[in-house]
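Visitor: Can you read through this structure? Questions will come right after.
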Amino acid sequence: MRFEPARGLSGVVRAPSDKSISHRAALLGAMASEPVRIEGYLHAADTHSTLAAVRALGALVEERGEDVVVRGTGLREARDPEATIDVGNAGTLMRLLPGWLAAQDGRSFTLDGDSSIRRRPVDRIAEPLIQMGATIEARDGRFPPFEVQGARLRAISYELEVASAQVKSCVLLAALAADGATTVGEPARSRDHTERMLLRAGVGIHRNGHHVTVVNTDELLLDRVTVPGDASSAAFLVTAGVLVPGSRLLIQNVGVNWTRTGFLRILRRMQGIVLGDLEEETGDLLAEEPISELDVAHGVLEGTVVEPEEVPLAIDELPLVALLGCFAEGETVVRGAHELRVKESDRIAGVVDGLGALGADIEATDEGFAVRGGRGLRGGTIDARGDHRLAMMGAVAGLASREGVEVIGMDAAAVSYPGFVSDLERLCS
Ligand code: S3P
């Protein structure tokens, strides 16, 4: 699909629903005993994989207009599925679901997914779940397909090696059915949607600095979840607005939980014009997911350095920081982002090769990249490598380029933001 240089994006657009929160709402819905109504569930390939998975495990899922209603099985009563659970391309599903499955005493479950999923490590969730008493057997000890054998779980204290919301959430879900209070420590703060939703579900959960403690429980009390717009999906629209001269757009319903808005803070430091009320950093756990409107305009940018502790709070938007860096004065450097190598694709290689082919002066480092900016992008062809975020980055690069960009594999965007191309077309017309 080709994206020609745009003359400016303008108008009002509603951010698509949040992928992370949709996965969690469906999973907690399946773990609850009473029906949970999810308003604004994301209808995209990844989150449909989650609905299919919880159905296979015995939850009833009904679509009622825009909403999805899940009637779960309770914490310890997931049904034996007839076949392997297919997580498709969804890393979040693959890492969170085993937390619930590990608590299904005496039953075993096999999970597998697409070719991208098969190169994503699961040893990071296997280790804590094994400590809690479950058995996990993975291909080569660390890749899908893998089998989870449930058990009566022990409460543990566990320090994460990498700041990963997926691994943290997996342990927190398993902890619900353990025999006491479980504590998880993270080396840096990561997104906290699971903690907020558990708090709303009446679970005893509290935070102390980088540690979260969850008390075991018999049931989740969650009757309704409203899913806000996805800050990561909105970031592609924000970047287009900032980079294309003449742009001015309003993005509505954006989730602004501070653990998701690291990208907007980085962009503001680069002098990007993005107005909107972002949630302030909080020490205490909150139950709500705040939303805001973002008012975005084109402007001149300055390079910046993204430090390791900022990385988990902007992890999915770092390809966009590289793209912004191509247009910013001076150098833009991302440090401490080794995790990008194990996303839907190796995103350090994909960003550096992809933007390099469009004319960027960019180089990879072990744990990130460095861009010398100020000259924009010529254009050319970029291969999305089956990765939705690289596909969408390529599209935005095309709008901001001098000669246009052809994206190979634009259909990858369907896993998180199926309406992306039509939203861009409308904003550009
Ligand atoms: C996610 C956490 C992040 C992120 C992913 C979604 C989540 O992964 O990259 O797209 O919903 O918890 P990690 O926890 O592996 O960093």
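All you need for this note's numbering is the position in the sequence shown, starting with 1, plus 39.
Glycine included, each C-beta is placed from N, C-alpha and C at the ideal position.
All values reported here derive from a predicted model rather than from experimental measurement.
#1: For residue 459 versus residue 275, is the C-beta distance shorter than 9 Å?
#2: Please say whether residue 463 and residue 48 have beta carbons closer to each other than 9 Å?
#3: Pull up the DSSP beta-bridge partners for residue 294, would you.
#4: Any heavy atom of the ligand S3P within a distance shorter than 8 Å of the CB on residue 204?
#5: Identify the residues that DSSP records as bridge partners of residue 372: which are they?
#6: For residue 169, name the three-state secondary structure that DSSP assigns.
#7: Cβ of residue 208 within 8 Å of any heavy atom in the ligand S3P?
#8: Does the segment 153-165 come within contact of the segment 89-102, defined as at least 3 CB pairs closer than 8 Å?
#9: Considering just the uninterrupted stretch of the alpha helix (DSSP H) at residue 280, what are its terminal residues?
#10: Determine the direct distance from the alpha carbon of residue 133 to that of residue 82, and round the result to whole angstroms.
#11: Heavy atom of the ligand S3P less than 8 Å from the Cβ of residue 226, yes or no?
#12: What would DSSP say about residue 323, mapped onto helix, strand or coil?
#13: To the nearest angstrom, report how far apart residue 347 and residue 80 are at their CA atoms.
#14: Any heavy atom of the ligand S3P closer than 8 Å to the Cβ of residue 113?
#15: Are the beta-carbon atoms of residue 45 and residue 139 separated by less than 9 Å?
#16: In this structure, how does DSSP classify residue 402 when only helix, strand and coil are distinguished?
#17: Between which two residues does the alpha helix (DSSP H) harbouring residue 132 extend?
#18: Could you spell out the range, first to last residue, of the alpha helix (DSSP H) harbouring residue 59?
#19: Taking Cβ to Cβ, would you say residue 202 is nearer than 9 Å to residue 114?
#20: Three or more beta-carbon pairs under 8 Å between the segment 244-251 and the segment 50-67, yes or no?
#21: If we ignore side chains and look at the alpha-carbon of each, how far apart do residue 7 and residue 444 end up?
#22: Return the CA-CA distance between residue 226 and residue 43, expressed in angstroms with no decimal places.
#23: May I have a chain-ordered list of the beta strand (DSSP E) segments no shorter than 3 residues that lie completely inside the segment 72-154?
#24: Since residue 349 and residue 305 are thought to touch, with beta carbons under 8 Å apart, how far apart are those beta carbons, to the nearest angstrom?
Guide: Result, derived from the coordinates:
#1: yes
#2: yes
#3: 330
#4: yes
#5: 344, 409
#6: helix
#7: yes
#8: no
#9: 270-282
#10: 18 Å
#11: no
#12: coil
#13: 32 Å
#14: no
#15: no
#16: strand
#17: 130-140
#18: 58-70
#19: no
#20: no
#21: In the structure as shown, the chain begins at 40 and stops at 468. Residue 7 is therefore absent and cannot be evaluated.
#22: 42 Å
#23: 75-78, 99-103, 106-110, 147-151
#24: 7 Å
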